[in-house]
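The opening residue of the sequence shown carries number 8 in this note's numbering; numbering runs sequentially from there.
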Amino acid sequence: QVQLVESGGGLVQPGGSLRLSCAASGSIFSIIDMGWYRQAPGKQRELVARISSGGSINYVDSVKGRFTISRDNAKNTVYLQMNSLKPEDTAVYYCNAQWGSLEVWGQGTLVTVSS
Numbered sequence: 008q009v010q011l012v013e014s015g016g017g018l019v020q021p022g023g024s025l026r027l028s029c030a031a032s033g034s035i036f037s038i039i040d041m042g043w044y045r046q047a048p049g050k051q052r053e054l055v056a057r058i059s060s061g062g063s064i065n066y067v068d069s070v071k072g073r074f075t076i077s078r079d080n081a082k083n084t085v086y087l088q089m090n091s092l093k094p095e096d097t098a099v100y101y102c103n104a105q106w107g108s109l110e111v112w113g114q115g116t117l118v119t120v121s122s
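What follows is the structure in structure tokens.
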């Protein structure tokens, strides 16, 4: 069973940067598709970025050019580098792993963008 632990959230001013990390347990990380989702207060959870086991990447339009997803299979870790943060990026960010018909979520990390 894969378990995910996120870190890196916090309070940042508009225009600032944060890097989120998601460490996965288990030995199958290299074959897992990984993603970052977020859920703002009163809104539905939405996909922010995904990176497949083969390295294919996609982003939601609102973060293109500002966020970068990457993975380090040797460290069983996926990252989300967030630059030029805006107040509307404020949300709980969740790491997600998918392989076959299985799916696992992390506990979430809060990102607050405010002056």
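Cβ atoms here follow ideal geometry from the backbone N, Cα and C, with glycine treated the same way.
Would residue i and residue j qualify as a contact pair, given that the criterion is a beta-carbon distance under 8 Å?
i    : j    : result
Q10  : S32  : yes
C29  : V85  : yes
K93  : V120 : yes
I39  : W106 : yes
N83  : G42  : no
S108 : G22  : no
D79  : M89  : no
E13  : T116 : yes
S37  : S60  : yes
Let me know the secondary structure DSSP gives residue i once reduced to three states.
i   : result
A98 : strand
V70 : helix
Quick one: give me the first and last residue of the beta strand (DSSP E) that residue i is part of.
i    : result
R78  : 74-79
V118 : 116-120
A47  : Careful: A47 lies outside any beta strand (DSSP E) and carries neither H nor E.
R52  : Taken as a continuous stretch (DSSP letters only), R52 belongs to no beta strand (DSSP E), as it is neither H nor E.
Q88  : 84-89
V12  : 11-14
Just the C-alpha distance for residue i and residue j, rounded to the nearest angstrom, thanks.
i   : j   : result
I64 : V99 : 21 Å
L27 : L87 : 5 Å
V70 : Q8  : 31 Å
L18 : A47 : 15 Å
Q20 : G49 : 22 Å
In this structure, what does DSSP give as the bridge partners for residue i?
i    : result
A104 : M41, V111
N65  : R57
V19  : V120
V25  : Here residue 25 turns out to be Leu, not Val, going by the sequence shown. DSSP lists M89 as partners of L25.
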